[in-house]
Amino acid sequence: RADNQLMLAGEQAITFVWERDMCLLNENLPYHPNGMTLCAYGKTGEVYEQTYYSVGGGFVIDAEQAASGVLDNDTTVLPYDFFSGAQLLKLCKTHGMSISELMMANEKVWRSEEEIREKIMVIWAAMRACVDKGLLETGILPGGLNVRRRAYRLHQSLQNLDNPNVIGSTLSAMEWVNLFALAVNEENAAGGRMVTAPTNGAAG
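Here my numbering is used: the first residue of the sequence shown is 763, the next is one more, and so on.
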């Protein structure tokens with residue numbers, strides 16, 4: 763952002779000036795309020811346009827899927843399918859598995875364990891970077907409400923405690939958890955990098 767560049771597909775750097783190229787509109791898109799239209803321009807003008815909607819549960823669909831009413835055409839059968847937390851816990855108890863073991867078995871339907879673990883580490887690195895950046899930033903959040911960032915000052919306060927023992931004190935541990943959530947929340951409010959949507963934006 764500081765360099766006015768955006769990595770397209772994580773590979774090609776393109777010019778992206780935040781104040782000029784990010785247009786925040788007051789009206790909703792046709793299908794869902796959580797939507798975004800991306801327009802790509804070349805020397806001859808617009809070369810591509812697509813609208814995407816975040817419809818909950820971590821799912822993102824494009825305008826064509828929204829118009830057709832099809833949210834997900836994946837017909838993969840999972841070994842341990844569930845639709846609620848209660849069903850998940852029951853499956854774990856029935857099969858003598860932890861939640862992480864059950865989820866790994868489900869994920870391996872789509873990709874290898876090595877690929878899964880590599881992707882998890884990429885996500886973790888992005889999450890950690892979001893926290894770290896949120897702890898360092900100061901000033902007023904964008905949006906016109908004049909909300910001042912609080913994570914930086916809270917971080918300084920926790921670091922100055924006489925005995926910041928996260929392991930030995932439940933209260934201290936929760937203060938750090940709340941701090942990290944606040945740091946992510948403020949980064950998202952400032953248009954920082956999203957790790958997962960919409961949960962990360964809502965809860966840090």
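For each residue, glycine too, the CB sits at the ideal point set by N, CA and C.
Opposite residue i in the DSSP bridges: which residues?
i      : result
Phe844 : Answer by DSSP bridge pairing: none, since Phe844 is not bridged.
Met798 : Tyr814
Leu768 : Ile776
Gly804 : Gly807
Val822 : Ser816
Spatial neighbours of residue i within its chain, please: C-beta separation below 6 Å, excluding the five flanking residues on both sides.
i      : result
Leu741 : Outside the displayed span of the chain (763 to 966) sits residue 741, for which this structure offers no information.
Glu877 : none
Excluding the 5 residues preceding and the 5 following residue i in the sequence, name in chain order all residues of the same chain whose CB lies nearer than 8 Å to its CB.
i      : result
Lys838 : Per the sequence shown, the amino acid found at residue 838 is Thr instead of Lys. Contacts found: Val871, Trp872.
Gln812 : Thr799, Leu800, Asp824, Ala825
His857 : Tyr842, Leu864
Using the Cα positions of residue i and residue j, report the straight-line distance between them to the nearest angstrom.
i       : j      : result
Ala828  : Tyr814 : 9 Å
His1008 : Lys852 : Residue 1008 falls outside the range modelled here, since the chain spans only 763 to 966, and no answer is possible.
Leu923  : Trp938 : 12 Å
Ile861  : Gly772 : 32 Å
Leu897  : Pro792 : 37 Å
Arg782  : Asn908 : 21 Å
Ala887  : Lys881 : 10 Å
Leu770  : Ile776 : 7 Å
Gly847  : Leu941 : 27 Å
Asp765  : Val779 : 9 Å
Asn868  : His794 : 30 Å
Leu768  : Met784 : 12 Å
Val884  : Lys855 : 30 Å
Gly818  : Gly831 : 15 Å
Met859  : Ala913 : 38 Å
Hey, would you say the C-beta of residue i is under 7 Å away from at least one heavy atom of the ligand SAH?
i      : result
Asn947 : The ligand SAH is not among the ligands present in this structure, which contains no ligands whatsoever.
Please go through the same chain and pick out, in chain order, the residues whose beta-carbon is closer than 7 Å to the beta-carbon of residue i, but skip the five residues on each side of it.
i      : result
Gly745 : Only positions 763 to 966 of the chain appear in the structure, and residue 745 is not among them; the question remains open.
Tyr803 : Val809
Arg915 : none
When you compare the CB of residue i with every CB in chain B, is at least one pair closer than 8 Å?
i      : result
Gln812 : Among the chains of the structure shown, chain B does not appear; only one protein chain is present.
Inter-stretch contact (C-beta, 8 Å, three-pair minimum) for the segment 942-953 and the segment 902-910: yes
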